[in-house]
Structures are given as structure tokens and as C-alpha cells.
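Asks:
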Amino acid sequence: MGSSGGGSSGTGGDTPGSGGVLGSGGDNGNHAGTGGENACASCAPCFKCGKAGICDLDPTSTWKISCVSASIAATNLDGAAWDPGNVPNGGGAPDPFCEFQIHEIGQRDTAPLNDTFSPAWNEDITPPNVKFTPNWVMSQAGFWSILVADQDGMTSDGICEVFPPLTATNFANGTVVFSNAQSCTKLTLRLTCNE
Ligand SMILES: [Ca+2]
């Protein structure tokens, strides 16, 4: 579509309009306006051209969430070693795993890593059976959490749990870092466009 009687003519459009041409940088003609003022440069996957001509988060796009890494305090909140010396993988350091959990939908865990205070999982923990979109995860704030726990055979000891209300800025940045949450001195998550 061309701008009708448009103000300043842009350049770079590929479709002549009546009385004008598409605005500069209009992507496939979708954002041609008078003078091209609403034109975006091409937007990255999971983002779309917003009103101000800036690429905004597409709230219906599909993402995945990964647990990247954590730094864990030397002892638990009671000041005790995570693992006593006489258990499998004992000797003080925990065997941490990271989990996305949400009420009534389920959970998804990383594998536990043996005997480490600085686990680097880099594993996808996107919850099962849902389309993980910004709209969905923002609507579920408070109902889901990220849990880091020490695997102790049939049971586990909590290390930290966070209930982040993710924001558009978090998605734009990609990396989400928590500091000093219970016994996690640091916990890093990553949001990745999955389209
Ligand atoms: Ca353990």
C-alpha cells in the first residue's frame, strides 16, 4: 500500500503508491505510512514493528527458557554442609539440578550435576505441554517458579526458588540474573526465541 498524497517520500520501498512511495525501510510494505514515519528496520524473530517504528516483543511468539548456571553458598541456611561425607556423592558439595515448575501443569528438570557449587547446566527447562509465549508466562506470574535443589537420591534439599514476573525487557535482553536468592548467590536463566 502506498501513502496517498504522502508527505516526504521515503526511499527503498518496492511498491509505488498513489501520490507517493513507501517509506524508507518499510518491511515488505507492511508498515508504509505517510512519510514512512512508522517504518521499522527489519525486526528479529519474536519481535514485530511497533507504533513508534521500533521493534517490540511479539507477545504471541514462541520462546524457550533455559537454566544456564548458578553459584551456590558453601553451606545451607542452617550452616550445615549440603551433603555429609557418608552419602553417595557426599563430601560437602551439593548435586544441584534446576527445574521449571508450575502448578497443575508439571515440571521440567535439568540433569543433576555431581558435587559442585558452580553448576553450569545450559539446559532447556521449557515446561511441557504449553506454548511458551510472553503472554502465557506473564499471565502465570506467581504460579510458576524456578527451583534449584540438591539431589539426594530419592529426595532433594531446596537451594533456592524464584518466582520471577518476566518482563518485555527480560525477553529483549535474553539473560535473566538473580542475586542472593536464598542459597543461590547467583542464578542465571536465558530466554531464547524458538521460531
Ligand atoms: Ca546431594
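In our numbering, the protein residues as written are 48 to 242. Just so you know, even glycine gets a beta-carbon here, dropped at the ideal spot from N, CA and C.
1. Would you decide whether L124 is buried or exposed? Buried here means 16 or more other CB atoms lie within 10 Å of its CB.
2. For S108 and C207, which I take to be in contact (beta-carbon distance under 8 Å), what is that distance rounded to the nearest angstrom?
3. Which partner residues of Q154 appear in the DSSP bridge assignment?
4. Leaving out the 5 sequence neighbours to the left and right, which residues in its chain are closer than 8 Å to P143 when beta-carbon positions are compared?
5. Suppose the cutoff is 7 Å on Cβ atoms and the five residues either side in sequence are ignored; what does the same chain contact list for K192 look like?
6. Alpha carbon to alpha carbon, how far is K98 from E151?
7. Near D204, which residues of its chain fall below 8 Å by C-beta distance, leaving aside the five closest residues on each side in sequence?
8. Measuring straight from C-alpha to C-alpha, what distance separates C90 and M201?
9. With a threshold of 16 other CB atoms inside 10 Å of the CB of I101, please say whether the residue is buried or exposed.
Replies: Taking the coordinates as given:
1. Here residue 124 corresponds to residue number 77 of the sequence shown, with the count starting at 1. By the 10 Å Cβ count, L124 comes out exposed.
2. Translated into the one-based positions of the sequence shown, residue 108 becomes position 61. Translated into the one-based positions of the sequence shown, residue 207 becomes position 160. In fact, because the Cβ distance is near 29 Å, the residues do not count as touching under 8 Å.
3. Taking the first residue of the sequence shown as position 1, residue 154 is located at position 107. Answer by DSSP bridge pairing, in chain order: Q148.
4. On the sequence shown, position 96 is the one that residue 143 refers to. For P143, where only same-chain residues beyond five positions count, the Cβ hits under 8 Å are A117, I119, P159, L160, T163, P166, V195, A196, D197, Q198 and I206.
5. Taking the first residue of the sequence shown as 1, we reach residue 192 at position 145. Position check: residue 192 holds Ser in this sequence, whereas Lys was assumed. If we look at S192 and ignore the five residues flanking it on each side, its Cβ neighbours are Q148, E208, V209 and F210.
6. Taking the first residue of the sequence shown as position 1, residue 98 is located at position 51. Taking the first residue of the sequence shown as position 1, residue 151 is located at position 104. Distance between the alpha carbons of K98 and E151: 37 Å.
7. Sequence index remark: in the sequence shown, residue 204 carries index 157 (1-based). Hits under 8 Å: N123, W129, P141, A196 and D197.
8. To locate residue 90, count along the sequence shown from 1; it is residue 43. To locate residue 201, count along the sequence shown from 1; it is residue 154. About 47 Å.
9. Reading the sequence shown from its first residue, position 54 is the one you call residue 101. Label assigned to I101: exposed.
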